[in-house]
Amino acid sequence: MWSGNVESIHIAPTAKAPMRAIDQVQALPGIGLEGDRYAKQQGTFFKPLPDFELTLIEAEALEALNREYDVALSPSESRRNVITRGVALNHLVGKEFKIGEVKIRGIRLCEPCSHLEALTGRPLIKGLRHRGGLRAQILTEGAIRIGQTIRE
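Numbering (the numbering used here), first residue to last: 3 to 154.
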């Protein structure tokens, strides 16, 4: 059995707005994270589909981007909602897991794109390919907090 943790949480009120770090957020099934652009149906790529409810990325992927490609990208600049540590997110596609008591389903990889490169002004597609994060569906309502355990 594996487990990891929530290292940080980020939301933005509208598309292209800077992400802001918060200590906790309410996860709402079928909607997204309270206060986030996608929950408000204002995200750049919004579609009323489950894989637009929550995005996660490994802190280790951001560290590798800096180490291997000399591209520094802060957690908020990644434009992902939850930064994890100790979790192999790619292995969670098609699987259910929990963040604290909130049940989540991994839907698909969240590959980096030219929009993210344009917003950050950094060449990051190559360095984040296949480790740009996970798009996920929120299955049960509840609070997601920094430090919570992520587990099967």
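Idealized CB from N, CA, C, for every residue including glycine.
Nearest residue (CA-CA) to residue i, options the options
{"i": "Phe47", "options": "Gly129, Ser116, Glu154", "result": "Ser116"}
{"i": "Pro77", "options": "Lys97, Gly32, Leu118", "result": "Leu118"}
{"i": "His12", "options": "Ser5, Met21, Gly6, Trp4", "result": "Met21"}
{"i": "Val8", "options": "Glu62, Glu70, Val73", "result": "Glu62"}
{"i": "Leu75", "options": "Gln43, Thr122, Leu58, Val104", "result": "Thr122"}
{"i": "Leu94", "options": "Ala29, Gln150, Ala138, Gly149", "result": "Ala138"}
{"i": "Gly108", "options": "Thr86, Leu51, Pro114, Leu91", "result": "Leu91"}
{"i": "Leu136", "options": "Thr151, Arg124, Leu111", "result": "Leu111"}
{"i": "Gly149", "options": "Leu141, Gly134, Val84", "result": "Val84"}
Cut-off 6 angstroms between Cβ atoms - residues of its own chain near residue i, not counting five sequence neighbours on either side
{"i": "Gly129", "result": "Leu67, Tyr71, Val73"}
{"i": "Val89", "result": "Gly6, Ile152"}
{"i": "Arg133", "result": "Ala63"}
{"i": "Lys97", "result": "Gly108"}
Cβ-Cβ separation, residue j to residue i (assumed contact under 8 angstroms), whole Å
{"i": "Ala29", "j": "Ser10", "result": "Going by Cβ atoms, the distance from Ala29 to Ser10 rounds to 15 angstroms, so no, they are not a contact pair."}
{"i": "Leu141", "j": "Ile106", "result": "6 angstroms"}
Beta-carbon proximity list for residue i, same chain, < 8 angstroms, skipping 5 on both sides
{"i": "Ala19", "result": "Arg39"}
Residues near residue i in its chain [Cβ-Cβ closer than 7 angstroms; skip 5 each side]
{"i": "Ala17", "result": "Arg39, Gln44, Gly45, Thr46"}
{"i": "Glu113", "result": "Arg131, Gly134"}
{"i": "Glu154", "result": "Met3, Trp4, Phe99"}
At least 3 beta-carbon pairs within less than 8 angstroms: the region 33-50 vs the region 62-69: Taking a cut-off of 8 angstroms for Cβ pairs, the region 33-50 and the region 62-69 do not touch, as fewer than three such pairs fall below it.
At which residue ranges does the region 13-78 contain complete beta strand (DSSP E) runs of 3 or more residues, listed in the order of the chain? Listed in chain order, the complete beta strand (DSSP E) runs (minimum 3 residues) inside the region 13-78 are 22-24, 26-30, 56-60.
Go through the region 72-137 residue by residue and report every complete run of the beta strand (DSSP E) that reaches 3 residues or more, in order. Taken in chain order, the unbroken stretches of beta strand (DSSP E) that lie wholly in the region 72-137 and span 3 residues or more are 84-87, 98-101, 104-111.
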